[in-house]
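In what follows, a single structure is set out as structure tokens and then discussed.
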Amino acid sequence: MESFEVELDGKVYKVKSIRNLNGHLIGPYHIHAGKSVPIVKNNDPGRMEEGEVYAIETFGSTGKGVVHDDMECSHHMIDFDMFQKPVPIRDPKARALLKHIEKKYGTLPWSRRQLTRDGENKHLMPLKSLINAGIVVPYPPLCDIRGSFVSQMEHTVLLRPTCKEIISRGDDF
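This is the structure in structure tokens:
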């Protein structure tokens with residue numbers, strides 16, 4: 001990836017791999033299921049095993065190649081471990097919002113825009129309560145240095161006994 005460059009508004013930028021992000025193991029209804037797949041080679045001794053499914057993600061940047069959380073968060077997900085062992089919630093509005101999220105999205109990611117489209121118009125304070133309780137995990141935008149561009153590509157790969165099957169491949173990608 002680092003041998004590529006991109007031209008934006010007549011200026012050429014080198015593309016750098018983002019060093020502090022990884023791909024990951026995917027389990028049933030568990031998007032981030034444990035094992036990581038580094039984008040940049042490191043000393044991680046981990047091994048992929050037959051039958052596992054991975055999100056092979058590459059992140060590129062025209063900045064320094066290191067991202068940080070920034071700006072207002074729009075995407076969230078229920079913490080998988082909290083989903084397995086429910087925590088009591090005192091706030092009735094937060095409890096009702098959690099019930100809606102569990103029914104509609106389970107442990108899969110969702111956005112605040114989706115909640116609004118679902119009719120959950122007054123969700124900010126109940127959502128904040130769920131985040132503060134550790135039940136919901138926020139996923140803020142990933143930013144490199146100011147003025148840089150960050151991109152992400154991903155394929156889902158199933159490790160079969162005789163091959164690696166790219167199960168996300170389609171006509172357009």
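Just so you know, UniProt numbering puts 162 at position 162 of the sequence shown, and the rest follows in order with no gaps. Glycine included, each C-beta is placed from N, C-alpha and C at the ideal position.
- Cβ neighbours of Gly27 within its own chain (closer than 6 angstroms, five residues either side excluded): Ala33.
- Positions of the alpha helix (DSSP H) runs, each at least 4 residues long and wholly inside the segment 31–114, are given as 80–84 and 92–104 in order along the chain.
- With the rule of 3 Cβ pairs closer than 8 angstroms, the segment 58–65 does not count as touching the segment 78–92.
- By the Cβ criterion, the segment 95–113 is in contact with the segment 70–82, since at least three pairs of Cβ atoms, one from each stretch, lie closer than 8 angstroms.
- Taking His100 as reference, the option from Val136, Val53 and Ile39 with the minimal CA-CA separation is Val136.
- It is roughly 41 angstroms from the alpha-carbon of Ile167 to the alpha-carbon of Asp91.
- Less than 8 angstroms separates the beta-carbon of Ile31 from that of Leu108.
- Ser148: not part of any alpha helix (DSSP H); DSSP gives it neither H nor E.
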